[in-house]
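Number of protein chains: 2
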Amino acid sequence: MNLKQLSAHLGLSQTTVSRALNGYPEVSEETRKRVMQAAEQHNYRPNTRAKALATGRAMAIGHVIPLSTQHEMMNPIFGDFISGAGESYSRAGYDMVLSLVADQEQSRAYHEMVAKRNVDGIVLHAPKMRDARIPLLQEIGLPFAVHGRATDIATPYSWLDVNNTSAFQRATDFLLDLGHRRICLVNGQESMDFAFRRRRGYEAALKARAIVPDPRLLFAGEMTEVYGYDTVRRTQSLDDPPTAYLVSSIIAAFGVRRAIEEAALVLGRDISVITHDDDLSYLRNGSDVPVFTATRSSVRDAGRKLAQLLITQIETPGSSPLTELLEAELTVGRSTGPAPNRI
Amino acid sequence: MNLKQLSAHLGLSQTTVSRALNGYPEVSEETRKRVMQAAEQHNYRPNTRAKALATGRAMAIGHVIPLSTQHEMMNPIFGDFISGAGESYSRAGYDMVLSLVADQEQSRAYHEMVAKRNVDGIVLHAPKMRDARIPLLQEIGLPFAVHGRATDIATPYSWLDVNNTSAFQRATDFLLDLGHRRICLVNGQESMDFAFRRRRGYEAALKARAIVPDPRLLFAGEMTEVYGYDTVRRTQSLDDPPTAYLVSSIIAAFGVRRAIEEAALVLGRDISVITHDDDLSYLRNGSDVPVFTATRSSVRDAGRKLAQLLITQIETPGSSPLTELLEAELTVGRSTGPAPNRI
DNA sequence: GCCGGTCTCCAAAGCGCTTTAAATTTCCGG
DNA sequence: CCGGAAATTTAAAGCGCTTTGGAGACCGGC
Numbered sequence: 001m002n003l004k005q006l007s008a009h010l011g012l013s014q015t016t017v018s019r020a021l022n023g024y025p026e027v028s029e030e031t032r033k034r035v036m037q038a039a040e041q042h043n044y045r046p047n048t049r050a051k052a053l054a055t056g057r058a059m060a061i062g063h064v065i066p067l068s069t070q071h072e073m074m075n076p077i078f079g080d081f082i083s084g085a086g087e088s089y090s091r092a093g094y095d096m097v098l099s100l101v102a103d104q105e106q107s108r109a110y111h112e113m114v115a116k117r118n119v120d121g122i123v124l125h126a127p128k129m130r131d132a133r134i135p136l137l138q139e140i141g142l143p144f145a146v147h148g149r150a151t152d153i154a155t156p157y158s159w160l161d162v163n164n165t166s167a168f169q170r171a172t173d174f175l176l177d178l179g180h181r182r183i184c185l186v187n188g189q190e191s192m193d194f195a196f197r198r199r200r201g202y203e204a205a206l207k208a209r210a211i212v213p214d215p216r217l218l219f220a221g222e223m224t225e226v227y228g229y230d231t232v233r234r235t236q237s238l239d240d241p242p243t244a245y246l247v248s249s250i251i252a253a254f255g256v257r258r259a260i261e262e263a264a265l266v267l268g269r270d271i272s273v274i275t276h277d278d279d280l281s282y283l284r285n286g287s288d289v290p291v292f293t294a295t296r297s298s299v300r301d302a303g304r305k306l307a308q309l310l311i312t313q314i315e316t317p318g319s320s321p322l323t324e325l326l327e328a329e330l331t332v333g334r335s336t337g338p339a340p341n342r343i
Numbered sequence: 001m002n003l004k005q006l007s008a009h010l011g012l013s014q015t016t017v018s019r020a021l022n023g024y025p026e027v028s029e030e031t032r033k034r035v036m037q038a039a040e041q042h043n044y045r046p047n048t049r050a051k052a053l054a055t056g057r058a059m060a061i062g063h064v065i066p067l068s069t070q071h072e073m074m075n076p077i078f079g080d081f082i083s084g085a086g087e088s089y090s091r092a093g094y095d096m097v098l099s100l101v102a103d104q105e106q107s108r109a110y111h112e113m114v115a116k117r118n119v120d121g122i123v124l125h126a127p128k129m130r131d132a133r134i135p136l137l138q139e140i141g142l143p144f145a146v147h148g149r150a151t152d153i154a155t156p157y158s159w160l161d162v163n164n165t166s167a168f169q170r171a172t173d174f175l176l177d178l179g180h181r182r183i184c185l186v187n188g189q190e191s192m193d194f195a196f197r198r199r200r201g202y203e204a205a206l207k208a209r210a211i212v213p214d215p216r217l218l219f220a221g222e223m224t225e226v227y228g229y230d231t232v233r234r235t236q237s238l239d240d241p242p243t244a245y246l247v248s249s250i251i252a253a254f255g256v257r258r259a260i261e262e263a264a265l266v267l268g269r270d271i272s273v274i275t276h277d278d279d280l281s282y283l284r285n286g287s288d289v290p291v292f293t294a295t296r297s298s299v300r301d302a303g304r305k306l307a308q309l310l311i312t313q314i315e316t317p318g319s320s321p322l323t324e325l326l327e328a329e330l331t332v333g334r335s336t337g338p339a340p341n342r343i
């Protein structure tokens with residue numbers, strides 16, 4: 001059933017029917033009701049493609065996911081972010097189209113998206129520090145919003161980010177307050193902007209207490225369980241092992257915990273651990289009292305908000321870029337305690 | 001730059017240019033070359049929406065993700081499945097559109113998709129045992145393919161599944177061969193079809209050796225780390241605790257391992273564990289020798305293949321449904337060993 | 001009774017592409 | 001040099017919708 005058939009069936013013109021359905025005022029209440037009813041009854045839905053062609057609006061938003069091995073780590077949080085974004089989209093009537101693109105084809109992919117005109121805007125994932133995609137998208141002129149930020153980009157753009165610097169600074173402070181002095185940072189890939197900011201927060205907290213960061217306690221890598229495990233193994237065999245770990249992901253924190261328990265140490269007594277917790281639906285941090293003390297920020301919530309932000313921007317053309325900085329909560333669990341008095 | 005402008009610029013009709021670009025034979029090689037070059041130079045891409053409207057093909061495939069809490073467990077594997085599917089789609093020139101739909105709106109969502117005509121086919125995720133969505137889609141007539149299968153559906157449809165029954169049967173057999181007699185099944189939600197099949201495999205192996213399954217060793221739930229942990233805690237306090245665990249997901253297996261180590265037992269000596277391993281990119285099962293003995297089947301690979309299967313079906317109309325059953329590998333790691341001789 | 005204004009409704013153009021039917025050009029043997 | 005087949009090219013219709021520019025109908029005021 002298409003518009004033509006529907007209007008023929010109603011004995012009205014396509015114009016009137018279209019207007020009635022789209023809420024334009026030039027149609028009497030009576031006929032509007034009649035039209036609405038008939039549409040409902042025949043289960044009529046306007047053909048998206050025709051509508052998009054006529055209006056110039058695709059009612060769809062693109063997500064470009066980099067496919068390189070270096071970004072595989074996006075995967076665990078990907079599902080949650082997407083569900084959050086999806087909620088906002090379906091509420092506003094947008095579709096979500098995903099493109100998985102190899103790194104070297106990023107530029108081509110964006111140009112193609114805008115030329116093919118099948119999205120009204122783009123969400124950018126996993127920004128690197130000086131991410132080339134941002135100036136590219138600015139030049140192209142397609143509305144976009146970034147999940148995260150990119151350091152060293154002058155011109156303003158829309159983004160939503162967790163305050164990674166402050167979160168890790170507060171977490172480090174918390175450990176310092178407990179008497180820890182040797183704190184190992186188990187960070188993500190530092191080419192990623194968020195990881196860079198986390199390290200900055202960690203370093204700032206140390207510097208404020210005149211502690212010089214020990215390079216042997218700084219790690220950056222892909223956030224796997226094994227990575228967390230290996231890092232603890234390696235650092236615990238130092239002459240002067242750390243008494244605390246600050247971990248960038250709960251998956252790596254699992255590995256950290258395993259290595260600690262395997263060494264017959266007690267988590268929260270012998271060794272303290274704080275992890276960042278993205279509040280993933282399938283990786284809850286314990287049930288009642290959280291297992292880990294954590295800097296927590298729901299990535300699903302971020303998805304919801306960033307999507308809404310992009311929609312707002314698309315629907316109010318000419319608006320200046322929107323930004324939102326979320327503060328992570330520092331929730332205390334059972335993985336932290338005062339530094340043991342080692343000799 | 002659109003077709004009209006391009007053809008004006010070339011001094012040709014839109015027809016000829018369109019044909020040249022789409023590889024039709026009614027155009028001389030010389031002009032084809034000229035058209036191709038101009039298109040390249042002006043970075044011309046046909047407008048997807050116009051093309052879709054004219055051809056009746058959307059060149060897009062929809063994935064409907066159920067949003068209920070009961071399916072949250074889809075999330076961890078979701079990212080990998082989608083990347084696999086995305087590879088196939090981009091190779092074939094399809095877009096992927098995601099819809100997150102609350103359970104009670106599933107039916108409406110499918111009807112809407114077909115009425116709006118913005119996808120050429122649908123991938124169905126997380127089928128339940130007697131999934132109502134399958135007859136619904138068959139009735140609607142939109143091509144679709146299921147990731148998994150649904151028991152008790154008579155009419156044929158396209159699907160791709162891992163042979164869950166045989167995988168868990170072989171895993172159970174492997175444990176039985178090692179002398180284990182009390183094997184605890186840590187399964188997923190048994191309303192999900194795959195979980196049901198896994199239990200069937202487990203039971204078949206026991207029955208073949210005339211062992212009656214102990215209901216106190218059968219668990220079904222959402223596959224979290226805590227779930228694995230709790231299950232071990234609970235079962236190890238039985239009079240006659242199990243000597244082996246058969247686990248449905250590597251995330252739960254992490255919890256199983258934690259409980260075992262916390263009880264000062266040695267994995268692979270005191271207690272054996274086999275887990276199903278979806279070969280997720282961010283949750284590798286160890287680096288060299290796998291940590292866990294596992295029934296392994298790459299979910300990314302499944303995504304790739306299922307997408308290809310659906311594309312094939314879409315592009316050869318009138319074809320009968322396609323199906324593919326993948327066998328999981330049973331890879332031996334360090335988590336299994338002979339049953340200890342308990343008295 | 002006529003006129004301007006307000007409500008309703010409609011015909012037709014246009015979005016950018018494909019494709020059918022037809023026109024034009026080219027080619028070649030006779 | 002011609003006629004007809006083959007090779008190229010084109011005009012125009014159509015995909016299903018929105019939207020512009022009017023056209024009738026109806027109203028109150030003069």
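Going down the list, the sequences are from chains A and B. Terminal number for the first sequence in the numbering used here: 343, no gaps in between. Terminal number for the second sequence in the numbering used here: 343, no gaps in between. Idealized CB from N, CA, C, for every residue including glycine.
Just curious, the beta strand (DSSP E) that residue i is in, first and last residue?
i      : result
B/E329 : 329 to 331
A/F144 : 144 to 147
A/M96  : 95 to 101
A/T323 : 323 to 326
B/S272 : 272 to 277
B/N2   : Run containing B/N2: none; DSSP gives neither H nor E here.
For a test of the three-state rule: what should DSSP assign to residue i, helix, strand or coil?
i      : result
B/M129 : coil
A/G201 : helix
A/M73  : In this prediction, A/M73 has a pLDDT of 49, which is less than 50 and means its spatial position is unreliable; what the coordinates show is noted afterwards. A/M73: coil per DSSP, three-state reduction.
B/S158 : strand
B/M223 : coil
A/A252 : helix
A/Y110 : helix
B/P66  : strand
A/I153 : coil
A/M36  : helix
B/A52  : helix
A/R296 : strand
A/Y89  : helix
A/I61  : strand
Quick check: what's the CA-CA separation for residue i versus residue j?
i      : j      : result
B/L326 : B/A167 : 10 angstroms
A/E87  : A/G93  : 10 angstroms
B/R34  : A/A115 : 21 angstroms
B/S297 : B/W159 : 16 angstroms
B/R181 : B/A244 : 8 angstroms
A/Q308 : A/Y89  : 8 angstroms
A/A154 : A/E105 : 24 angstroms
B/G318 : B/P143 : 10 angstroms
B/I260 : A/T235 : 24 angstroms
B/A372 : B/I82  : This structure cannot settle anything about residue 372 of chain B, because the visible part of chain B is limited to 1 through 343.
B/P338 : B/D177 : 8 angstroms
B/P290 : B/G23  : 50 angstroms
A/D103 : A/N75  : 16 angstroms
B/R32  : A/H125 : 39 angstroms
Buried or exposed, going by whether 16 or more other CB atoms sit within 10 Å of the CB of residue i?
i      : result
B/A54  : exposed
A/E209 : The amino acid occupying residue 209 of chain A in the given sequence is Arg; Glu does not appear at that position. Exposed: under 16 other Cβ atoms inside 10 Å.
A/M73  : For A/M73, the predicted model reports a pLDDT of 49, less than 50, meaning its position is unreliable and no value from the coordinates is stated.
A/D95  : buried
A/G56  : exposed
A/R91  : exposed
Go to residue i, then tell me how far its alpha helix (DSSP H) extends in each direction, as first and last residue.
i      : result
A/D301 : 299 to 315
A/D173 : 164 to 177
Check: Quick check: the stretch 128 to 140 of chain A against the stretch 318 to 325 of chain A, are there 3 or more CB pairs under 8 angstroms?
Finding: Touching, no, given that fewer than three Cβ pairs across the two stretches are closer than 8 angstroms.
Check: Between the stretch 265 to 274 of chain B and the stretch 205 to 222 of chain B, do three or more beta carbon pairs fall short of 8 angstroms?
Finding: With the cut-off at 8 angstroms, the stretch 265 to 274 of chain B and the stretch 205 to 222 of chain B do not touch.
Note to self: With three or more C-beta pairs closer than 8 angstroms as the rule, is the stretch 310 to 324 of chain A touching the stretch 270 to 284 of chain A?
What the structure shows: Short answer: they don't touch.
Next item on the list: Check whether the stretch 119 to 136 of chain A touches the stretch 198 to 218 of chain A, taking contact to mean three or more Cβ pairs, one atom from each stretch, closer than 8 angstroms.
Entry: The stretch 119 to 136 of chain A is not in contact with the stretch 198 to 218 of chain A.
Margin query: Taking contact to mean 3 or more Cβ pairs, one atom from each stretch, closer than 8 angstroms, check whether the stretch 4 to 23 of chain B and the stretch 34 to 47 of chain B are in contact.
Written below: Yes, the stretch 4 to 23 of chain B touches the stretch 34 to 47 of chain B.
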